[in-house]
Structures are given as structure tokens and as C-alpha cells.
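Engineer: My questions all concern the structure below.
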Amino acid sequence: DTAVSQTPKYLVTQMGNDKSIKCEQNLGHDTMYWYKQDSKKFLKIMFSYNNKELIINETVPNRFSPKSPDKAHLNLHINSLELGDSAVYFCASSPRLAGGGDTQYFGPGTRLTVL
Amino acid sequence: SQKIEQNSEALNIQEGKTATLTCNYTNYSPAYLQWYRQDPGRGPVFLLLIRENEKEKRKERLKVTFDTTLKQSLFHITASQPADSATYLCALPNDYKLSFGAGTTVTVRA
Chain A
6 DTAVSQTPKY
16 LVTQMGNDKS
26 IKCEQNLGHD
36 TMYWYKQDSK
46 KFLKIMFSYN
56 NKELIINETV
66 PNRFSPKSPD
76 KAHLNLHINS
86 LELGDSAVYF
96 CASSPRLAGG
106 GDTQYFGPGT
116 RLTVL
Chain B
11 SQKIEQNSEA
21 LNIQEGKTAT
31 LTCNYTNYSP
41 AYLQWYRQDP
51 GRGPVFLLLI
61 RENEKEKRKE
71 RLKVTFDTTL
81 KQSLFHITAS
91 QPADSATYLC
101 ALPNDYKLSF
111 GAGTTVTVRA
């Protein structure tokens, strides 16, 4: 059973389009995250949710809107895609908010290419 | 400003040797530090956590040290194997999130 799953794995789209990435975890964790990994492999947090409540929003453009319909799901919608949005987006989950030492479990990533 | 620096982008070593990776940080006071492994095309996978009151932690062929005075963690892979080839990331907690270093890519030659 996949612990953290994301769809789609690859996403190729034109500038200006709107797209969504879905994430689901079956670990029973309270906290979920979205990270962006750019071409230099630097992994940077974008958002975190704890029990469906937004906890962290790391000054991400408001074209990015996360939504957590329940504890097990965290989706990411991106409006008006730009070239600079091209990256790999990772979803992750942990039992509680980072700070207590909990391991984060990452999904396989979604490679977004904006043309 | 806060910084996490991993010693080098790439490390090439001969099979059987020990790889030593460095994670230095500034303007953090972490209660712990974590190390993750990332293979190409996959998400990071947790390897080890070391707390501020622990000097050393081991897991099979992996050893991590944590020096809060030097603000540094060392990650050692002993008796390295080609299967250890991957990117290794250190991560520190900061305000309910983890901040990651840029990673060091290790290539083990047979």
C-alpha cells in the first residue's frame, strides 16, 4: 500500500493554464505539506496543514491555493501557470507538526513543466 | 539570516570507503536534526534523527554526529556500496516546519 500518493506524476501544460495536483496519505497523520523542488534540487516548503487547518504559508504567490477536504487529502491548485512554476512538487505527511521530531513521509513527486 | 549548508554538491568515492558528509547551520537552535536520502525521480526517505543531547547515532552502516557548539552534523556511510549512491539531505526544525539543505550527491564507484 502506498503511504503518500500523488497524481499526476507528470504534468506538461502551457503558460496561463490552471492545473491541480492531488495528494492522499493513508498513514492516519494529522499534518500534510507541499514542497517545491527546483532545478537545483533545493527542497522548499510551501504550505502545511494540520487537521485541515492551514498552519504555514511560506509567502507563496496567491496563484497557488491549497485545499484540504479532510485530514487524509491535500490538493494544490495553481492558477495562471508561469514558466517559473516548472519544478517537482512533493506532498508529505507527518504524525504531528514538525518540531517534535516526527519523520516526514514524502510522496513520489509531480514533475510540472510549463511551456 | 538562517542558513543550512551541506559541504559539497557531489562526492565520488570508491566502494568500500567511508563517505563523510557535512551539514552546517547558522541562526538555528535545533532540538534535533534529521537526515534523508533521495534517489533520482523519487521523494526523500527518512534515515536518521539525532537530538541535541545526543553526540552520535548509528543505524547499520550509517553514523551521524551532532555538535551544537560547532553547529554541525556529520553523516558517515561506512563500507560504502554502489547502492548507497543517492542525494543526502539534512533537515532542521524551524517553527513547525523542516528546513532542508541543498543536499550532497554521493556516487559510489564499484
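For the record, the sequence lines run as chains A and B. At position 60 of the first sequence (counting the first as 1) the number is 65 in the numbering used here, and the numbers step up by one without a gap. At position 10 of the second sequence (counting the first as 1) the number is 20 in the numbering used here, and the numbers step up by one without a gap. We put the CB at the ideal spot given by N, CA and C, even for glycine.
With distance defined between alpha-carbon atoms, name the residue in V9(A), T18(A), D35(A) and G33(A) nearest to S85(A).
Structural biologist: Closest by alpha carbon: T18(A).
Engineer: Answer yes if the region 94 to 111 of chain B comes into contact with the region 20 to 35 of chain A, meaning at least three C-beta pairs across the two stretches below 8 Å, and no otherwise.
Structural biologist: Output reads no: the region 94 to 111 of chain B does not touch the region 20 to 35 of chain A.
Engineer: Determine the chain A residues that contact F85(B) at a beta-carbon separation under 8 Å, and present them in chain order.
Structural biologist: The premise fails here: F85(B) is roughly 16 Å from chain A at the closest Cβ pair, so nothing lies under 8 Å.
Engineer: What residues of chain A sit near F76(B), judged by a beta carbon separation below 7 Å?
Structural biologist: Here the premise fails: no neighbours, minimum Cβ distance about 13 Å.
Engineer: Taking just the CA atoms, how far does D75(A) sit from L21(B)?
Structural biologist: Answer to the nearest angstrom: the Cα atoms are 42 Å apart.
Engineer: Run through the region 24 to 62 of chain A for me and flag every whole alpha helix (DSSP H) of 4 or more residues, listed as ranges in chain order.
Structural biologist: Taking only runs of at least 4 residues, no alpha helix (DSSP H) segment lies wholly in the region 24 to 62 of chain A.
Engineer: Mapping DSSP to helix, strand and coil, what is A97(A)?
Structural biologist: In this structure, A97(A) counts as strand in the three-state DSSP scheme.
Engineer: Counting only beta-carbon separations shorter than 8 Å, does A112(B) have a partner in chain A?
Structural biologist: For A112(B), the answer is yes, since a Cβ of chain A falls inside 8 Å of its Cβ.
Engineer: Give the DSSP bridge partners of Q16(B), in chain order.
Structural biologist: BP columns for Q16(B) point to C33(B).
Engineer: Is it the case that the CB of Y106(B) approaches a heavy atom of the ligand NAD more closely than 7 Å?
Structural biologist: The ligand NAD is not part of the structure shown, which contains no ligands of any sort.
Engineer: Taking Y98(B) as the query, report the chain A residues whose CB atoms sit under 8 Å from its CB, ordered along the chain.
Structural biologist: Correct list: empty, because the minimum Cβ distance to chain A is about 11 Å.
Engineer: Where do the ends of the beta strand (DSSP E) carrying D77(B) lie?
Structural biologist: First-last of the beta strand (DSSP E) with D77(B): L72 to D77.
Engineer: Between the Cα of E62(B) and the Cα atoms of T117(B), K107(B) and K81(B), which residue gives the shortest distance?
Structural biologist: The option with the nearest alpha carbon to E62(B) is K81(B).
Engineer: Would you list, in chain order, the members of the region 47 to 68 of chain B that have their beta-carbon closer than 9 Å to a beta-carbon of chain A?
Structural biologist: For the region 47 to 68 of chain B, which is checked against every Cβ of chain A, the residues closer than 9 Å are Q48, G51, R52, G53, P54, V55, F56, L59 and R61.
Engineer: Three or more C-beta pairs closer than 8 Å, one from the region 64 to 78 of chain A and one from the region 69 to 76 of chain B: is that the case here?
Structural biologist: Judged by Cβ distances under 8 Å, the region 64 to 78 of chain A makes no contact with the region 69 to 76 of chain B, as fewer than three pairs qualify.
Engineer: Of the choices V93(A), N56(A) and H78(A), whose alpha-carbon is the least far from that of R52(B)?
Structural biologist: Comparing Cα positions, the closest option is V93(A).
Engineer: P113(A) versus chain B: which residues are under 9 Å apart at the beta carbon?
Structural biologist: Going along chain B in sequence order, the residues near P113(A) (Cβ under 9 Å) are G51, R52 and G53.
Engineer: Residues in its own chain within less than 8 Å of L16(A) by CB, not counting five upstream and five downstream?
Structural biologist: Only K24, I26, T115, R116, L117 and T118 meet the Cβ criterion.
Engineer: DSSP puts D75(A) in a beta bridge; with which residues?
Structural biologist: Bridge partners of D75(A): H78(A).
Engineer: According to DSSP, L108(B) sits in a beta bridge with which residue or residues?
Structural biologist: P103(B).
Engineer: L86(A) by DSSP, collapsed to three states: which one?
Structural biologist: Coil at L86(A), not helix or strand.
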